[in-house]
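With the sequence shown counted from 1, adding 1 to any position gets you the numbering used here.
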Amino acid sequence: MKRIALLGATGSIGRQAIEIVEAHPELELVAAASGTRPVDGLAPLTQTGGDLTELLERAQPDLVLNAVVGFAGLPATLWALEHGVTLALANKESLVAAGELALAAQRRGGGLLLPVDSEHSAVFQCLEGRPAEQIDSIVLTASGGPFRGRTRDELEDVAPEDALAHPTWNMGPKITVDSATLANKGLELIEAHFLFGIPYERIEVVIHPTSTVHSLVRFRDGAALAHLGYPDMRVPISFALTYPERAMTPIPSLDLASGLTLEFHAADEETFPLLGLARAAGERGGTAPCAFNAANEVAVAAFLEGRLSFLGIADVVEEALAAADTAPAHDLPDLVEADEQARRLAERGLPVA
Ligand SMILES: NC(=O)c1ccc[n+]([C@@H]2O[C@H](COP(=O)([O-])OP(=O)(O)OC[C@H]3O[C@@H](n4cnc5c(N)ncnc54)[C@H](OP(=O)(O)O)[C@@H]3O)[C@@H](O)[C@H]2O)c1
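Spelled out as structure tokens, the structure:
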């Protein structure tokens with residue numbers, strides 16, 4: 002039996018995880034948490050809001066699936082890593098914000114960190130634990146979102162509902178907007194850097210509209226291994242929950258003879274500047290990734306509330322990053338301060354109502 006704590010149980014990842022758990026008798030949901038929506042009866046221990054580490058202390062799970070959205074997922078990520086409890090991580094924002102602190106906690110705890118993001122799950126599977134020196138580069142694929150191919154002029158007046166219509170993935174609102182701005186790929190770039198110990202100049206992003214190739218790894222001997230499949234988050238969720246068993250899922254295997262073609266393009270970083278801003282924040286280091294994430298969370302929330310234009314999201318993040326003090330964080334309180342500072346700077350950059 003694997004005893005699972007599911008954080009973010011009411012969300013897109015959370016609901017799909019419940020489906021996986023229900024299909025496998027060897028998986029037991031011992032705790033479930035959400036932010037505001039009720040989760041009563043989902044598991045023996047439940048919690049809505051508050052400090053999720055209290056729930057984890059009570060549940061003492063074998064695996065934490067962190068599917069909370071945003072920086073709010075950070076304490077749970079650190080708790081699992083520090084306690085050596087396997088962490089299945091969908092909440093990329095926590096690793097982006099706390100990269101060095103999270104890796105230090107993992108070194109102390111000695112547990113497994115299994116990515117749930119489909120691109121990173123793909124890279125993890127292509128790597129199979131091979132050391133970083135064998136890797137030439139990592140290629141993260143991006144669908145390009147609903148606005149792929151558009152010019153900046155064509156993005157002037159797009160509304161939240163346009164950004165929420167993602168072509169290949171059905172996800173929660175924050176990550177869907179992040180996919181439309183390419184901030185999601187920027188977060189994933191930083192996530193990949195921390196997960197796989199690869200410098201930024203050896204992580205590439207390419208646009209791949211059908212999301213069939215979930216990512217690939219180029220090795221030093223000239224070989225490139227890719228991970229392919231239909232875009233369905235139940236595959237990486239199941240991989241992480243049942244690792245290393247690779248349990249059966251109801252997802253059909255890829256039908257190559259049906260006329261499948263694979264198309265790749267360079268990303269348009271002028272129209273979608275958040276990808277480049279994320280890369281610059283990653284390279285700057287310290288708490289710059291934390292500031293990038295915080296400012297982006299504020300800007301995306303403002304866009305979804307109709308207080309900021311789509312193109313304004315990148316402007317707000319850029320200005321907040323330029324003004325932020327990004328000295329490294331030595332502990333969680335330092336990091337929380339960096340997050341709060343970037344949020345204040347981003348709020349200041351929002352148009353006056
Ligand atoms: N959806 C995908 O396909 C996908 C793919 C790759 C990675 N991810 C990542 O997975 C994470 C979740 O994404 P999602 O699409 O599932 O988001 P979502 O549908 O918006 O769900 C977010 C979940 O987080 C919970 N939550 C929010 N704030 C919380 C707090 N302070 N304490 C406890 N729980 C809180 C929400 O609870 P309430 O419902 O009560 O608000 C909800 O259960 C994100 O980091 C995202 O980037 C998602």
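Beta carbons are placed, not taken as given, at the ideal position from N, Cα and C, and that holds for glycine. Treat the numbers as computed from the prediction; the structure is a model and nothing was measured.
In this structure, residue 34 lies away from residue 64, with their beta-carbon atoms at least 7 Å apart. Here residue 322 is near residue 292, since their CB atoms are less than 7 Å apart. Here residue 353 is exposed, its C-beta having fewer than 16 other C-beta atoms within 10 Å. By the criterion of a C-beta distance shorter than 6 Å, residue 253 is surrounded by no residue of its chain, once the five residues flanking it on both sides are discounted. By the Cβ rule, the stretch 69-77 counts as touching the stretch 87-102, because three or more pairs are nearer than 8 Å.
Residue pairing by DSSP places residue 3 opposite 28 in a beta bridge. Beta-bridge partners of residue 266 (DSSP): 208. The residue from 10, 120 and 20 with its alpha-carbon nearest to that of residue 74 is 10. Comparing alpha carbon positions, the residue from 37, 4 and 222 closest to residue 12 is 37.
Pairing residue 319 with residue 278 gives a Cβ-Cβ distance under 7 Å. The beta carbon of residue 212 sits no closer than 6 Å to any heavy atom of ligand 1. Fewer than three pairs of CB atoms, one per stretch, sit closer than 8 Å, so the stretch 323-330 makes no contact with the stretch 171-183. Straight-line spacing of the CA atoms in residue 157 and residue 266 works out to 23 Å. In the structure shown, residue 216 adopts extended strand secondary structure according to DSSP, grouped into three states.
By the C-beta density criterion, residue 257 is exposed, having fewer than 16 other C-beta atoms within 10 angstroms. Residue state for residue 118 is assigned as coil, using DSSP reduced to three classes. Remark: the shortest separation between the CB of residue 35 and any heavy atom of ligand 1 falls under 6 Å.
Checking the 6 Å criterion, the Cβ of residue 182 is out of range of every heavy atom belonging to ligand 1. Secondary structure note for residue 243: its alpha helix (DSSP H) is the uninterrupted segment 235-243.
A distance below 7 Å separates the beta carbons of residue 183 and residue 273. Residue 24 and residue 236 have their C-alpha atoms roughly 13 Å apart. From the listed residues 345, 350, 287 and 295, the smallest Cα separation to residue 316 is found for 350. Note on geometry: alpha-carbon atoms of residue 163 and residue 312 lie some 13 Å from one another.
Exclusion of the five residues before and after residue 84 leaves 110 as the residues of its chain whose Cβ lies within less than 6 Å of its Cβ. In this structure, residue 263 sits away from residue 206, with a CB-CB distance that is not shorter than 7 Å. By the neighbour-count criterion, in which a residue is buried when 16 or more other Cβ atoms sit within 10 angstroms of its Cβ, residue 181 is buried.
The beta carbon of residue 107 sits closer than 7 Å to the beta carbons of 82 and 114 from its chain, once the five residues preceding and following it are set aside; these are given in chain order.
Beta-carbon to beta-carbon, residue 195 and residue 100 are separated by about 4 Å, close enough to satisfy the 8 Å threshold.
In this structure the stretch 238-253 does not touch the stretch 211-227; the number of beta carbon pairs closer than 8 Å is below three. From the listed residues 5, 269 and 19, the smallest Cα separation to residue 57 is found for 5. Going by DSSP, residue 185 is part of the alpha helix (DSSP H) stretching over 184-197. Judged by their CB atoms, residue 19 and residue 238 are not nearer to each other than the 7 Å cut-off. The DSSP-derived three-state label of residue 316 is helix.
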